[in-house]
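Okay, so here's the structure we're looking at.
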Amino acid sequence: TVQIRQGDINVTIISPNNQTIGNAANGVSQWQGQLPNSGDYIVEISAPNQSGYVINIEVS
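Going by my numbering, the first residue of the sequence shown is number 733, and it counts up by one from there.
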């Protein structure tokens, strides 16, 4: 689960084979799903303006 708690940011979850598997942004501030592969995932955070942010990431 990735949840945007504060800030104007976009979060993209990228799998080990470079496929985007999820997004969270201001309109949809949470992504929850099953990670399809083992390996290293990337959580990419971007913002339209310089901004502070708070996110929660939970893996279970």
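Note that beta-carbon positions come from the ideal geometry of N, C-alpha and C, so glycine has one too.
Since this is a predicted model, take the numbers as computed values, not measurements.
For this session: Indicate whether Gly739 and Ser783 have their beta-carbon atoms separated by less than 9 Å.
Result: Here residue 739 is taken as the residue at index 7 of the sequence shown, counted from 1. Here residue 783 is taken as the residue at index 51 of the sequence shown, counted from 1. For Gly739 and Ser783, yes; Cβs fall inside 9 Å.
Exercise. Counting along the chain, where does the beta strand (DSSP E) carrying Gln782 start and finish?
Worked result: Within the sequence shown, residue 782 is the residue found at index 50, counting from 1. From DSSP, Gln782 is part of no beta strand (DSSP E); its letter is neither H nor E.
Exercise. Out of curiosity, what's the CA-to-CA distance linking Asn755 and Leu767?
Worked result: As a working mapping, residue 755 is identified with position 23 in the sequence shown. As a working mapping, residue 767 is identified with position 35 in the sequence shown. When rounded, the distance between both Cα atoms is 13 Å.
Problem set entry | Secondary structure, beta strand (DSSP E): runs of 3+ residues fully inside the stretch 746 to 772 | 752 to 756
Exercise. For Arg737, which residues of its own chain have a beta-carbon under 7 Å away from its beta-carbon, when the five flanking residues on both sides are left out?
Worked result: Taking the first residue of the sequence shown as position 1, residue 737 is located at position 5. Only Val786, Ile787 and Asn788 meet the Cβ criterion.
Exercise. Would Val734 be called buried (16 or more neighbouring beta carbons within 10 Å of its own) or exposed?
Worked result: Looking up residue 734 in the sequence shown gives position 2. The residue in question, Val734, is buried, as its Cβ has 16 or more Cβ neighbours within 10 Å.
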